[in-house]
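Enquirer: Numbering (UniProt numbering), first residue to last: 1 to 160.
By construction, the Cβ of each residue, glycine as well, lies at the ideal position given by its N, Cα and C atoms.
Let me give you the structure first, and then I'll get to my questions.
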């Protein structure tokens, strides 16, 4: 149950909370759509980073969410099965593994994202891709934690 008085309406609390501040709601929707519809990253890499954030945030709704655009991109359901064990799971590509590691360290120990890590990252990702990954991770982490702190039911009402 939300810690704020959220009106009932379509999409549940996660959609309706933004009616308290419509301008901010518009901004949030643009951020989410940007992460999904304007990202230069392959959907699988972005999704693996998102899933690691969902696990770290302990958000069951986020962990269970699959955007239509991701399904349409052909991201297989089994891709999500080994995210927490990414470092030892042989089924991920080096880029996928780096995307997960970046998301994890961004969320849990951002100060450890040092020059040595960025050297590894830049061996596989272009600067625009790194910026894209950074912003996607920031959106996933920030919005997920914001809704959790506010006690909002996090079923996603946006068709991405």
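Going by beta carbon distance, what residues of the same chain come within less than 7 Å of residue 75, once the five residues before and after it are set aside?
Expert: Counting only Cβ-Cβ distances below 7 Å, and skipping sequence neighbours, we find 43, 44 and 47.
Enquirer: Identify the continuous alpha helix (DSSP H) that holds residue 39 and give its terminal residues.
Expert: Run containing residue 39: none; DSSP gives neither H nor E here.
Enquirer: Taking the C-alpha atoms as reference points, what is the distance between residue 162 and residue 79?
Expert: With the chain covering 1 to 160 only, the question about residue 162 has no answer from this structure.
Enquirer: Return the Cβ separation of residue 49 and residue 55 in integer angstroms, given the expectation that the two are a contact with Cβ distance under 8 Å.
Expert: 11 Å between Cβ atoms; not a contact.
Enquirer: Can you list, in chain order, the residues of its chain with a C-beta nearer than 6 Å to that of residue 70? Leave out the 5 residues immediately preceding and following it.
Expert: The answer, listed in chain order, is 43 and 47.
Enquirer: Three or more beta-carbon pairs under 8 Å between the region 113-120 and the region 5-25, yes or no?
Expert: With the cut-off at 8 Å, the region 113-120 and the region 5-25 do not touch.
Enquirer: Residue 166 to residue 137, Cα distance in whole Å?
Expert: Residue coverage of the chain in this structure runs from 1 to 160, which leaves residue 166 outside it and unanswerable.
Enquirer: Taking only three categories from DSSP, how would you classify residue 31?
Expert: Three-state DSSP puts residue 31 in a helix.
Enquirer: Does the pairing of the region 120-135 with the region 96-111 give three or more beta-carbon distances under 8 Å?
Expert: Yes: the two stretches touch, three or more of their Cβ pairs being nearer than 8 Å.
Enquirer: Give the range of the alpha helix (DSSP H) segment to which residue 21 is assigned.
Expert: Element bounds for residue 21: n/a, residue is neither H nor E.
Enquirer: When we look at the beta-carbon of residue 1 and count the other beta-carbons within 10 Å, is it buried (16 or more) or exposed?
Expert: When all chains shown are included, residue 1 counts as exposed.
Enquirer: Tell me whether residue 4 is buried or exposed, calling it buried when 16 or more other Cβ atoms sit within 10 Å of its Cβ.
Expert: Per the 10 Å Cβ criterion, exposed.
Enquirer: Leaving aside the five residues before and after residue 28 along the sequence, list all residues of the same chain whose C-beta is less than 7 Å from its C-beta, in chain order.
Expert: Contacts found: 18 and 143.
Enquirer: Based on Cα-Cα distance, which residue from 31, 10, 36 and 53 lies nearest to residue 109?
Expert: Answer by Cα proximity: 53.
Enquirer: Report the three-state DSSP secondary structure of residue 68 (helix, strand or coil).
Expert: Note: residue 68 maps to helix in three-state DSSP.
Enquirer: Quick one: give me the first and last residue of the alpha helix (DSSP H) that residue 139 is part of.
Expert: Segment 127-149, the alpha helix (DSSP H) holding residue 139.
Enquirer: On the CB-based measure, 16 or more other CB atoms within 10 Å of its CB, does residue 129 come out buried or exposed?
Expert: When all chains shown are included, residue 129 counts as buried.
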